[in-house]
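**Q** Here it is, the structure, as structure tokens.
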Amino acid sequence: MNAMTEHKAILKIFGSDWDKNQNRGCRMTNISRFLQIGQRLYHSTDKIYADFVKSLETLPYIDMDSKILKEYLEIAKVANGLCAFEECLILYPYHLAGERMTNLAEVDSVLSINKSEWKKAYRSIEECFLFARNVLGEHFGLNSTHIIQFFPDLGDVREIASSFEEFLGIMLECYPHLCGYDEAQAYRGQGEVIEFGKVLCPKIPYILGGEDSGLTRLDFGEFSTLYADIYTQTKDLPDGAQIEIEIV
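Structure (structure tokens):
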């Protein structure tokens with residue numbers, strides 16, 4: 005991308021006010037950098053966005069006054085869904101009925117993810133709002149104080165940052181690790197294709213000893229249900245226990 009094309013792309017996203025601020029020497033934030041490189045999924049309107057904000061108010065664990073949520077809404081107002089890093093990161097859209105901005109397959113809405121049955125299986129994220137996922141099926145979410153990464157096989161949560169500005173700074177630097185980009189590139193290098201929205205995962209889950217089983221791709225719905233079932237059946241077992249998994 006040459007300088008003129010890049011400048012036009014930035015103006016398309018942020019408008020003339022952004023251009024004026026740049027001419028005044030304002031520093032580009034990590035949030036604006038992320039929005040610049042991402043591919044938006046759906047159009048939105050002020051009304052659609054306002055309805056989404058109202059729907060968030062109905063979720064009992066959402067703190068509408070938290071800095072982290074306000075930063076998330078700053079992104080959502082500009083991007084009704086977004087993918088980045090060669091489709092290895094998906095920021096969930098909040099409204100699917102609007103005009104699509106790509107020919108990529110449809111993904112779940114952010115509200116359907118947070119009201120899903122599989123999410124209810126994990127106590128560790130019952131008060132977290134999940135807003136994105138990577139190509140490995142790991143989620144990123146927020147609570148009132150932190151942005152977290154969620155690992156569905158063990159139900160573990162790791163705090164990553166205390167603001168979106170910090171989180172996206174880390175993401176922009178460490179996306180090969182955080183988004184599963186390296187794994188996806190290696191898989192594609194074998195002549196395989198990862199369809200948009202599908203999850204790259206071991207043929208046998210790691211928690212069941214599948215470290216050497218190789219990788220495959222699953223629809224996200226199948227993946228999330230499978231891993232929630234496995235977690236539910238293994239979460240209280242001691243290390244080394246012999247198990248026989250029943251897939252519901």
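Residues in the sequence shown are numbered from 5 upward in steps of one, following my numbering.
Beta carbons: idealized from backbone N, C-alpha and C, even for Gly.
Computed from a predicted structure; not experimentally measured.
Give the secondary structure of glycine 145 by DSSP, where H, G and I count as helix, E and B as strand, and everything else as coil.
**A** Along the sequence shown, one-based indexing puts residue 145 at 141. Three-state result, glycine 145: strand.
**Q** Once DSSP output is grouped into helix, strand and coil, what is the label at alanine 109?
**A** Mapped onto the sequence shown, residue 109 falls at position 105. In this structure, alanine 109 counts as coil in the three-state DSSP scheme.
**Q** Can you tell me the Cα-Cα spacing of asparagine 25 and threonine 33, whole angstroms?
**A** Residue mapping note: residue 25 aligns to position 21 of the sequence shown, counting from 1. Residue mapping note: residue 33 aligns to position 29 of the sequence shown, counting from 1. Confidence at asparagine 25 is low in this model, with a pLDDT of 42, below 50, so its placement is unreliable and no value can be given for it.
**Q** Relative to the C-alpha of leucine 158, which residue among Leu115, Asp233 and Ser166 is closest?
**A** Working through the sequence shown from its first residue, we reach residue 158 at position 154. Among Leu115, Asp233 and Ser166, the Cα nearest to that of leucine 158 belongs to Asp233.
**Q** Taking buried to mean at least 16 other C-beta atoms within 10 Å of its own C-beta, is asparagine 147 buried or exposed?
**A** Residue numbering aside, residue 147 sits at position 143 when the sequence shown is read from its first letter. Buried: at least 16 other Cβ atoms inside 10 Å.
**Q** Could you round the C-beta distance between tyrosine 96 and phenylalanine 135 to whole angstroms and report it? I think they count as a contact, below 8 Å.
**A** Locating residue 96 in the sequence shown gives position 92, counting from the first residue. Locating residue 135 in the sequence shown gives position 131, counting from the first residue. Yes, tyrosine 96 and phenylalanine 135 are in contact; Cβ-Cβ is about 6 Å, under 8 Å.
**Q** Report the option in Leu73, Ser36 and Val111 whose CA atom is closest to the CA atom of glycine 145.
**A** Your numbering for residue 145 matches position 141 in the sequence shown. Out of Leu73, Ser36 and Val111, Leu73 has the C-alpha closest to the C-alpha of glycine 145.
**Q** What are the complete beta strand (DSSP E) segments, minimum 3 residues, inside the segment 72 to 126?
**A** 84 to 88 and 93 to 95
**Q** By the three-class DSSP mapping on this structure, what secondary structure does tyrosine 46 have?
**A** Taking the first residue of the sequence shown as 1, we reach residue 46 at position 42. It is a strand residue.
**Q** Looking only at C-alpha atoms, which of Glu169, Lys202 and Glu226 sits nearest to cysteine 92?
**A** For the purposes of this step, residue 92 is taken as the residue at position 88 of the sequence shown. If you compare the alpha carbons of Glu169, Lys202 and Glu226 with that of cysteine 92, the shortest gap goes to Lys202.
**Q** Excluding sequence positions up to five away, which residues of its chain have a Cβ less than 8 Å from the Cβ of threonine 149?
**A** For the purposes of this step, residue 149 is identified with residue 145 of the sequence shown, where counting begins at 1. Cβ within range, chain order: Ser70, Ile72 and Ser166.
**Q** Distance check for alanine 188 and leucine 204, CA to CA, integer angstroms please.
**A** Your numbering for residue 204 matches position 200 in the sequence shown. Your numbering for residue 188 matches position 184 in the sequence shown. Those two C-alpha atoms are separated by around 7 Å.
**Q** List, from N- to C-terminal side, the beta strand (DSSP E) runs of 3 residues or more that fit wholly inside the segment 164 to 236.
**A** 203 to 206 and 219 to 222
**Q** Where phenylalanine 168 and leucine 77 are concerned, what is the direct C-alpha to C-alpha distance, given to the nearest angstrom?
**A** Against the sequence shown, residue 168 aligns to sequence position 164. Against the sequence shown, residue 77 aligns to sequence position 73. Looking at the two C-alpha atoms, the distance is approximately 10 Å.
**Q** Taking the DSSP output, what are the residues bridged to phenylalanine 154?
**A** Residue numbering aside, residue 154 sits at position 150 when the sequence shown is read from its first letter. His143 and Val161.
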